[in-house]
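Below: the structure, in structure tokens.
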Amino acid sequence: MRIFSGIRPTGNIHIGNYLGAVKQWIELQKKNECVFCIVDMHAITTPYDVKEMQKNIIDAASIYLAAGVDPEKSIIFVQSGVKEHAELAWLLGTITPMGELSRMTQFKEKSKQHKDYINAGLFNYPVLMAADILLYKGEAVPVGKDQEQHVELARTIAKKFNQKFGNIFPEPETILPKSGAKIMSLTDPKKKMSKSDDAKSYISLFDTPEDITKKIMAASTDSGKDIIYNITKKPGISNLLMIYSLLTDEPTKKIEEKFKGKGYGEFKKSLAEVVINYLEPFRRKQKELQTRDVYVKELLNKGKSRAETIAKTTMQEVREKMGLG
Ligand code: AMP
Ligand code: TRP
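Using numbering that gives the first Met the number 0, you'd call the opening residue of the sequence shown number 0 and step up by one each time.
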């Protein structure tokens, strides 16, 4: 299968992004043809710091590599480097109903969050995302739960294109992780972990051990002192249990047993240790790659050429079908 996925280079990629998306990529890469994109054109739809963008792009690439994406096998590249993304997004925009776009949860949330930054790009965000996927004829898209609605719209757009102009696009399917599709905020476990919230609410993949310990020890817990997985009654502890379970591959039941009769403090200390050890290679790889950014840039350039070859072929087909050019 052809797999496509992407992450915005907005800095502070957190364990929610990792457990919701990147971790699955590594498994999928073994048996599929994968295209992983650093979607900088999506990142600019919300306020951002121009000076930080290049660093964030290299950081995102480091995360892909540290997590185990194999650049020989999979294609890793930067979205804005392949012009066809913008071109296809424009064309697909002409068959995307405005009504569908205005129903998108992310658009509603982001417009509330950034009241003075409600731009047409933010509204058209899902059209660009559909273009990303369809340009490579992506058949499956591994993402966290929050992106399911966008992939659904990409299916609708593919179907519409095929009916109107001729069948060229597969209808992409979402691949959600079995668990961990939605990691919640450490400070408010009713909200999803998000990089645009306060730094105390998420664990970045590059956080120092001291910061990780501080954040976990301060994480919101629930009344009572039992360590039990129960999302409605104990959302805080359940979220921490889920993170523990996903990073150790131990079922939550087993972790509950392990901490039976012990307090939240002891559990959190142990979780901090688990997280620190798990993320150690990420910090190491980032440090190493910071001194080798020529290597990372070269790798992204190679990815760009490979991506371009596919993108150009698709665009030729699309232009022909639409009677353009
Ligand atoms: P973004 O940071 O929005 O570019 O997200 C990159 C990927 O991480 C997407 O596949 C999201 O669905 C996923 N993701 C973001 N936040 C979370 C979360 N709190 N839990 C699980 N997955 C997430
Ligand atoms: N919108 C996705 C997010 O916020 C990122 C993204 C852009 C993406 N294009 C994509 C994900 C294509 C999967 C496929 O997480």
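Quick reminder that beta carbons are idealized off the backbone N, C-alpha and C, glycines included.
A quick note: this is a predicted structure, and the numbers were derived from the prediction, not measured.
- When the beta-carbon positions are compared, leucine 91 and valine 38 stay at least 9 Å from each other.
- Distance from the Cα of serine 184 is smallest, within the candidate group Thr220, Pro46 and Asp210, for Thr220.
- Not one heavy atom of ligand 1 falls within 8 Å of the beta-carbon of proline 125.
- Counting along the chain, the unbroken alpha helix (DSSP H) around valine 274 starts and ends at 263-289.
- With fewer than 16 other Cβ atoms from the protein chains shown falling within 10 Å of its own Cβ, glutamate 209 counts as exposed.
- For the alpha helix (DSSP H) assignment, the uninterrupted runs of no fewer than 4 residues enclosed by the region 17-85 are, from N- to C-terminal side, 22-30, 39-42 and 49-66.
- In the assembly as shown, threonine 290 is an exposed residue. Its beta-carbon has fewer than 16 other beta-carbons within 10 Å.
- For threonine 173, the uninterrupted beta strand (DSSP E) run begins and ends at 172-174, by DSSP.
- Looking only at Leu288, Lys114 and Ile242, the smallest Cα-Cα distance to leucine 270 is reached by Ile242.
- DSSP places serine 203 within a strand segment (E or B) once states are collapsed to three.
- DSSP places arginine 7 outside both helix and strand once states are collapsed to three, so it counts as coil.
- For proline 125, the enclosing alpha helix (DSSP H) begins and ends at 119-134.
- Leaving aside the five residues that flank aspartate 196 on each side, the residues in its chain whose CB is nearer than 7 Å to its CB run, in chain order, Ser184.
- Judged by DSSP secondary structure, proline 208 falls within the alpha helix (DSSP H) whose first and last residues are 208-217.
- Here aspartate 48 is exposed. Its C-beta has fewer than 16 other C-beta atoms within 10 Å.
- Residues whose Cβ lies closer than 5 Å to any heavy atom of ligand 1, listed in chain order: Ile6, Arg7, Gly15, Asn16, Gly19, Ala20, Val142, Gly143, Asp145, Gln146, Lys181, Ile182, Lys191 and Met192.
- Rounded to whole angstroms, the gap between the alpha carbons of glutamate 255 and methionine 52 is 42 Å.
- If you compare the alpha carbons of Asn276, Lys267, Gly143 and Val21 with that of valine 34, the shortest gap goes to Val21.
- If you check the CB distance, methionine 192 and glycine 10 do not come in under 9 Å.
- A distance below 7 Å between beta-carbons, with the five flanking residues on each side excluded, links leucine 299 to the following residues of its chain, in chain order: Ala60, Ile75, Phe76 and Val77.
- Linking glutamine 146 to glycine 179 through their CA atoms gives a straight-line distance of about 14 Å.
- Between threonine 313 and glutamate 108, the C-beta spacing is not below 9 Å.
- Nearest C-alpha to lysine 177 among Glu319, Arg7, Val142 and Asp58: Val142.
- DSSP, reduced to helix, strand and coil, places alanine 180 outside both helices and strands of the structure shown, so it counts as coil.
- Taking every protein chain shown into account, the CB of isoleucine 226 has 16 or more other CB atoms within 10 angstroms, so this residue is buried.
- With a cutoff of 8 Å, glycine 137 counts as near ligand 2, since its C-beta is closer than that to a heavy atom of the ligand.
- Annotation: the continuous beta strand (DSSP E) that includes alanine 139 extends over 139-141.
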